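Novice:
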Amino acid sequence: MTPPLVAAPPASPVPAEPALRHAHGRGRPCVITRRACFSASHRYWLPELSPEQNAARFGSCSLAPGHGHNYELIVAMGGPLDADGMVLNLSDVKHAIREQVTGQLDFRFINEAWPEFDLSQPGGVLPTTEALTLAIWRRLHPHLPLMGLRLYETDKLWADVLGDSMEAFLTIKTHFAAAHRLARPELSSEENDAIYGKCARPHGHGHNYMLEVTVRGAIDPRTGMVCDLAALQALVDDLVVEPFDHTFLNKDVAHFASTVPTAENIALHIADLLGAPIAGIGASLHKVRLQESPNNAAEVFAEVPALGVQPQALEALASA
Ligand SMILES: [Zn+2]
Ligand SMILES: [Zn+2]
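Everything in the sequence shown is counted per my numbering, starting at 2 for the first residue and increasing by one.
In structure tokens, the structure reads:
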């Protein structure tokens, strides 16, 4: 049979638009985030340790009567839209967060505000960032469809929790300044110019690199830590910041004598340097994020070589 020369008219009237289109997205899934802030104090002090041991273990965090932070909490929630076009009414979300968390912690001494941090009890845990994030998860979970929580203790330290388990992600942020030149020595200067542009100029240029290192691990039921924070900071300082800061990477860091120090290669090298030592302090290196300028960054997921398999809720939190 010969095909018609013009498109045949539809056999039936134009099908109705999908019903969902007229129901304000009802039933379609979406992730929403809500931010909330509170100020609170805490102290790291285990009664089973001597004053000297507490001081050695927790440094100035052990000083009486404690010290405080302006915490910032990001709550990621997911679910289908209701008939009003919302996952949840935001006023209900605000109310739940205030009722269950900020109203109880704001301007309080965390060690005494919540019984889970009563260290005189054997089940008490130190109110670290990650232990506090998990405690907040357990209090919010009955009220909100949580997908992930992020708690910033400062802009240089935060924790993520993605479920009611002892597992948490802890991120520390630091920076270093370094110069580099992007050029492959086996290529001509014209070829390098064509690939790397101004970055191939012979005497190099510099950046203030911002570095985020995320580790994953189980929260210790007593210290509240996925790993010793001071030890983690010392590893990043000793293995990355100190050897990289105020250097010309191509000449001063041996690895970059033969590897072009792009942001990607620097992030990969940092992941290679940190992986085993972080395993040595009981955590897993999850992610290295290297921000080279306000306009570009490189991320390496150290546990998952294939892209696209990182926990989805972390992405929701990252964009909060
Ligand atoms: Zn603190
Ligand atoms: Zn550059």
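No residue lacks a Cβ here, since even glycine has one placed at the ideal position from N, Cα and C.
Note that the coordinates shown come from a computational prediction; the quantities given were computed from them, not determined experimentally.
For a test of the three-state rule: what should DSSP assign to N297, helix, strand or coil?
Specialist: What you label residue 297 is simply residue 296 of the sequence shown in a count that begins at 1. It is a strand residue.
Novice: Does R290 pass the burial test, meaning 16 or more other C-beta atoms within 10 Å, or should it be called exposed?
Specialist: The residue given as residue 290 occupies position 289 in the sequence shown. Buried, since its Cβ has 16 or more Cβ neighbours within 10 Å.
Novice: Measure the alpha-carbon distance for S121 versus P48 and round it to whole angstroms.
Specialist: Position 120 of the sequence shown, counting from 1, holds the residue named residue 121. Position 47 of the sequence shown, counting from 1, holds the residue named residue 48. If you take the alpha carbons of S121 and P48, they lie about 7 Å apart.
Novice: Check for me: the beta strand (DSSP E) holding N71 runs from which residue to which?
Specialist: Taking the first residue of the sequence shown as 1, we reach residue 71 at position 70. Its beta strand (DSSP E) spans residues H68 to P81.
Novice: Looking at the unbroken alpha helix (DSSP H) that takes in L269, where does it start and where does it end?
Specialist: Counting from one through the sequence shown, the residue named residue 269 turns up at place 268. Here the alpha helix (DSSP H) through L269 covers A264 to G281.
Novice: Suppose only complete runs of 4+ residues qualify. What are the alpha helix (DSSP H) ranges in the segment 178-205, listed by chain order?
Specialist: Within the segment 178-205, the complete alpha helix (DSSP H) runs of at least 4 residues are 190-197.
Novice: Hey, could you find the ends of the alpha helix (DSSP H) Y135 is sitting in?
Specialist: Reading the sequence shown from its first residue, position 134 is the one you call residue 135. In the sequence as displayed, the identity of residue 135 is Leu instead of Tyr. It spans T130 to L141 - the alpha helix (DSSP H) in which L135 sits, taken as one unbroken run.
Novice: Where does F302 land, buried or exposed, given buried means 16+ other C-beta within 10 angstroms?
Specialist: Mapped onto the sequence shown, residue 302 falls at position 301. With 16 or more other Cβ atoms within 10 Å, it is buried.
Novice: Leaving out five residues before and five after A268 in sequence, what residues of the same chain have Cβ atoms less than 6 Å from its Cβ?
Specialist: To locate residue 268, count along the sequence shown from 1; it is residue 267. Closer than 6 Å at the Cβ level, and outside the excluded window around A268, lie V289, L291, A299 and V301.
Novice: Rounding to the nearest angstrom, what Cα-Cα distance links A65 and M226 in this structure?
Specialist: Translated into the one-based positions of the sequence shown, residue 65 becomes position 64. Translated into the one-based positions of the sequence shown, residue 226 becomes position 225. Going from the Cα of A65 to the Cα of M226 covers about 20 Å.
Novice: Should C200 be counted as a contact of ligand 2 given a C-beta to heavy atom distance under 7 Å?
Specialist: The sequence position of residue 200 within the sequence shown is 199, counting from 1. Result yes, Cβ under 7 Å from ligand 2.
Novice: Please state the DSSP three-state secondary structure of Q292.
Specialist: Stepping through the sequence shown from its first residue, residue 292 is reached at position 291. Reduced to three states, the DSSP call for Q292 is strand.
Novice: Give the list of continuous alpha helix (DSSP H) stretches no shorter than 4 residues that lie fully inside the segment 86-173.
Specialist: Complete alpha helix (DSSP H) runs here, min 4: 91-98, 111-114 and 130-141.
Novice: Quick one: is P52 buried, meaning 16 or more other Cβ sit within 10 Å of its Cβ, or exposed?
Specialist: Translated into the one-based positions of the sequence shown, residue 52 becomes position 51. Exposed, by the Cβ-count rule.
Novice: Give me whichever residues DSSP pairs with A65 in a beta bridge.
Specialist: Reading the sequence shown from its first residue, position 64 is the one you call residue 65. BP columns for A65 are empty, so no partner.
Novice: Within 10 Å of its beta-carbon, does V305 have 16 or more other beta-carbons around it, so buried, or fewer, so exposed?
Specialist: Indexing the sequence shown from 1 puts residue 305 at position 304. V305 comes out exposed.
Novice: Just list the residues that DSSP pairs V216 with in beta bridges.
Specialist: Here the question's residue 216 lines up with position 215 in the sequence shown. DSSP lists L171 and L286 as partners of V216.
Novice: Name, in chain order, the residues that DSSP records as bridge partners for R27.
Specialist: The count along the sequence shown starts at 1 and reaches residue 27 at position 26. Per DSSP, L82.
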